[in-house]
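Residue numbering for the sequence shown follows UniProt numbering, starting at 1 and increasing by one per position.
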Amino acid sequence: MLRWLPGIRRSVRIREMAAFASGDAPTRRRGLLIVFEGLDRSGKTTQAKRIVETLNEAGHKAVYSSFPDREAPRTGQIIHDHLTTKSSLFRKEAIHLIFSQNRWQKIDGLVELLNEGAIVIVDRYVASGVSYTLAKGLPKWFARETDVGLPQPDHVVYLNVSPEVAQQRGNYGDEAFERKDFQAKVRKEMDEFRKHPTWKEVDANLMKDEVHGQIKKLIMEMIEENRPETVNRIKPDYFGSVTSNTDFSPKEFEFEAERGLLISFDGPNAGVLAQSFSDSSSAEIIDLQCSTDDLPSREKALTIAAHFWDQHEKILEKLSSGTNVVLLHYVPSSISAVLEVIGDKKWIAALFYGLPHPDLVVTTDPKMKGIAENNEWIVPSSEDEEVLLEEVFTRSRNRDLRNLGRFTDKNLRL
Numbered sequence: 001m002l003r004w005l006p007g008i009r010r011s012v013r014i015r016e017m018a019a020f021a022s023g024d025a026p027t028r029r030r031g032l033l034i035v036f037e038g039l040d041r042s043g044k045t046t047q048a049k050r051i052v053e054t055l056n057e058a059g060h061k062a063v064y065s066s067f068p069d070r071e072a073p074r075t076g077q078i079i080h081d082h083l084t085t086k087s088s089l090f091r092k093e094a095i096h097l098i099f100s101q102n103r104w105q106k107i108d109g110l111v112e113l114l115n116e117g118a119i120v121i122v123d124r125y126v127a128s129g130v131s132y133t134l135a136k137g138l139p140k141w142f143a144r145e146t147d148v149g150l151p152q153p154d155h156v157v158y159l160n161v162s163p164e165v166a167q168q169r170g171n172y173g174d175e176a177f178e179r180k181d182f183q184a185k186v187r188k189e190m191d192e193f194r195k196h197p198t199w200k201e202v203d204a205n206l207m208k209d210e211v212h213g214q215i216k217k218l219i220m221e222m223i224e225e226n227r228p229e230t231v232n233r234i235k236p237d238y239f240g241s242v243t244s245n246t247d248f249s250p251k252e253f254e255f256e257a258e259r260g261l262l263i264s265f266d267g268p269n270a271g272v273l274a275q276s277f278s279d280s281s282s283a284e285i286i287d288l289q290c291s292t293d294d295l296p297s298r299e300k301a302l303t304i305a306a307h308f309w310d311q312h313e314k315i316l317e318k319l320s321s322g323t324n325v326v327l328l329h330y331v332p333s334s335i336s337a338v339l340e341v342i343g344d345k346k347w348i349a350a351l352f353y354g355l356p357h358p359d360l361v362v363t364t365d366p367k368m369k370g371i372a373e374n375n376e377w378i379v380p381s382s383e384d385e386e387v388l389l390e391e392v393f394t395r396s397r398n399r400d401l402r403n404l405g406r407f408t409d410k411n412l413r414l
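Set out below in structure tokens:
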């Protein structure tokens with residue numbers, strides 16, 4: 001009987017212990033990460049589960065896993081609702097970040113299995129995540145960066161099914177993105193991945209047994225091939241070419257009439273400063289802090305960024321009405337919370353590209369002084385609150401109040 005990942009990991013360990021007891025110790029050759037990709041209704045789940053059973057019957061240690069994991073804490077229910085058109089997350093940027101968080105949640109367990117020598121068969125992975133996001137119109141620079149650093153598949157089996165055959169299969173159209181026009185866009189984006197040397201293709205238009213036969217032959221060959229001792233990590237070039245690192249250059253937000261000012265305060269004592277500025281300028285304070293207690297650092301960063309994307313239209317509506325807005329716990333606070341632990345500055349910065357860039361950013365966090373200077377943020381030179389607020393008022397004059405910039409790699413240099 002096919003078991004899910006946690007249970008199979010236990011069975012893998014039991015078999016290893018039995019092997020040690022009998023004097024037949026398992027080899028230390030690491031396992032394989034093999035991903036099944038393809039459009040909706042191409043048969044990925046059916047074939048992935050079947051090949052796991054075949055491999056286990058043949059004496060291999062094989063484990064089935066899938067993405068997205070709709071049972072995962074924090075992200076699973078959101079993703080399920082999104083895919084069944086019930087989602088309250090209306091921003092495609094936010095849902096992309098949540099899908100990526102869903103992958104990061106399971107990675108430690110998958111790597112552990114690989115180090116134990118298991119063959120891990122994964123039903124969908126980063127290629128699906130990025131391709132679906134690109135099909136929604138987001139740029140590759142944004143779509144790819146969140147998955148950089150995840151384990152790179154050793155091999156990918158692409159189940160190539162024609163749109164006509166897919167539409168004839170059961171339950172086609174039950175989920176939000178099972179539409180012929182959208183699936184065509186996904187296929188186009190996935191074509192870039194199909195050029196990668198680790199990708200192999202099978203004809204998924206055939207009968208199930210024939211498809212299984214193709215897959216079994218491919219995977220048995222993959223098992224015999226040499227593999228690196230350690231698990232490789234995904235780098236940006238895995239996703240194919242981009243024009244440049246600056247291809248994420250979104251247009252500024254435009255307003256029909258003069259908008260309100262947008263100021264962010266972050267760091268120690270930021271709440272007091274924000275309240276003083278609000279009292280002096282009739283500004284509305286929006287606290288963007290969200291609960292990330294006990295989350296691993298990558299999950300924390302992705303959760304925060306998704307929250308910002310989900311809230312940013314509310315901020316723009318306030319500005320459109322002429323209301324001055326003060327933000328607390330915005331981008332600078334988020335960077336400060338995860339930078340030392342994650343270390344990958346490029347990965348962190350990309351989470352926030354495209355979000356509204358305040359007219360002025362004020363940070364009192366001493367750890368952010370260098371980054372603040374790189375980006376022309378205000379760092380208080382005096383502990384005198386009146387002096388700081390006067391500087392904020394002075395620098396907020398003569399702003400272009402018909403447009404509002406976004407965070408890009410030009411103004412978020414870490």
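Idealized CB from N, CA, C, for every residue including glycine. Every value quoted in this text rests on a predicted model; they were computed, and no experiment measured them.
Check, Outcome
"Excluding five sequence neighbours on each side, which residues of the same chain lie with their C-beta closer than 6 Å to the C-beta of I344?", "A small correction: the amino acid at residue 344 is Asp; Ile does not occupy that position in the sequence shown. Taken in chain order, the list of residues that qualify is empty."
"Just grab the DSSP bridge partners of T363 for me.", "D266"
"Tell me the DSSP secondary structure of A257 in three-state form.", "coil"
"According to DSSP, simplified to helix, strand and coil, what is H357?", "coil"
"In its own chain, which residues sit with a C-beta less than 7 Å from the C-beta of L295, not counting the 5 before and 5 after it?", "T303"
"Would DSSP call Y330 helix, strand or coil?", "coil"
"Indicate whether L262 and L319 have their beta-carbon atoms separated by less than 8 Å.", "yes"
"Mind checking who S65 pairs with in its DSSP beta bridge?", "V122"
"With DSSP run on the structure shown, which of helix, strand or coil describes L159?", "strand"
"Taking all protein chains shown into account, do 16 or more other C-beta atoms lie within 10 angstroms of the C-beta of E57, making it buried, or fewer, making it exposed?", "exposed"
"Taking the Cβ atom as the reference point for each residue, do I34 and D154 lie within a distance shorter than 8 Å?", "yes"
"For P332, count the other beta carbons within 10 Å of its own beta carbon; 16 or more makes it buried, fewer makes it exposed. Which is it?", "buried"
"So who's on the other strand from V35, going by DSSP bridges?", "V122 and V156"
"Measuring CB to CB, does L273 end up less than 8 Å from I335?", "no"
"Out of curiosity, what's the CA-to-CA distance linking T246 and N411?", "In this predicted model, T246 has a pLDDT of only 48, less than 50, meaning its place in the structure is not dependable; the value taken from the coordinates is given anyway. Distance between the alpha carbons of T246 and N411 is about 12 Å."
"Can you give me the start and stop residues for the beta strand (DSSP E) that I348 sits inside?", "Run containing I348: none in the beta strand (DSSP E); it sits in the alpha helix (DSSP H), K345 to A350."
"Just to confirm, are M256 and N403 a CB contact at a threshold of 8 Å?", "For the record, residue 256 in the displayed sequence is Glu; it is not Met. Not closer than 8 Å, so no."
"Given a threshold of 16 other Cβ atoms within 10 Å of its Cβ, counted over all protein chains shown, does A372 qualify as buried or as exposed?", "buried"
"Taking Cβ to Cβ, would you say D123 is nearer than 8 Å to F36?", "yes"
"When DSSP labels each residue in this structure, what does W199 get in the three-state scheme?", "strand"
"Taking just the CA atoms, how far does P139 sit from V362?", "29 Å"
"Indicate the three-state DSSP secondary structure (helix, strand or coil) for P380 in the structure shown.", "coil"
"For D209, which three-state DSSP category applies?", "helix"
"Are the Cβ atoms of A184 and A118 separated by less than 8 Å?", "no"
"From G322 to Q167, what distance separates their C-alpha atoms?", "49 Å"
"Within 10 Å of its beta-carbon, does D279 have 16 or more other beta-carbons around it, so buried, or fewer, so exposed?", "exposed"
"Just mark S282 as buried or exposed, buried being the case when its beta carbon has 16 or more other beta carbons within 10 Å.", "exposed"
"Do you know how far the Cα of K136 is from the Cα of E178?", "13 Å"
"Evaluate the contact criterion for the segment 40-55 versus the segment 205-223: three or more CB pairs, one atom per stretch, below 8 Å.", "yes"
"Should K195 be labelled buried (16 or more other beta-carbon atoms within 10 Å of its own) or exposed?", "exposed"
"Determine which residues share a DSSP beta bridge with V186 and list them.", "DSSP output for V186 lists no bridge partner at all."
"Is DSSP giving G405 helix, strand or coil here?", "coil"
"Which same chain residues end up closer than 8 Å to S100 when comparing Cβ atoms and leaving out the 5 residues on each side of it in sequence?", "G129, T146, D147 and L302"
"Going by the CB atoms, is the gap between E192 and G240 shorter than 8 Å?", "yes"
"What does the alpha-carbon distance come out to for the pair D266 and V126?", "34 Å"
"Apart from the five residues on each side of it in sequence, which residues of its chain come closer than 8 Å, Cβ to Cβ, to E258?", "G322, L401 and R402"
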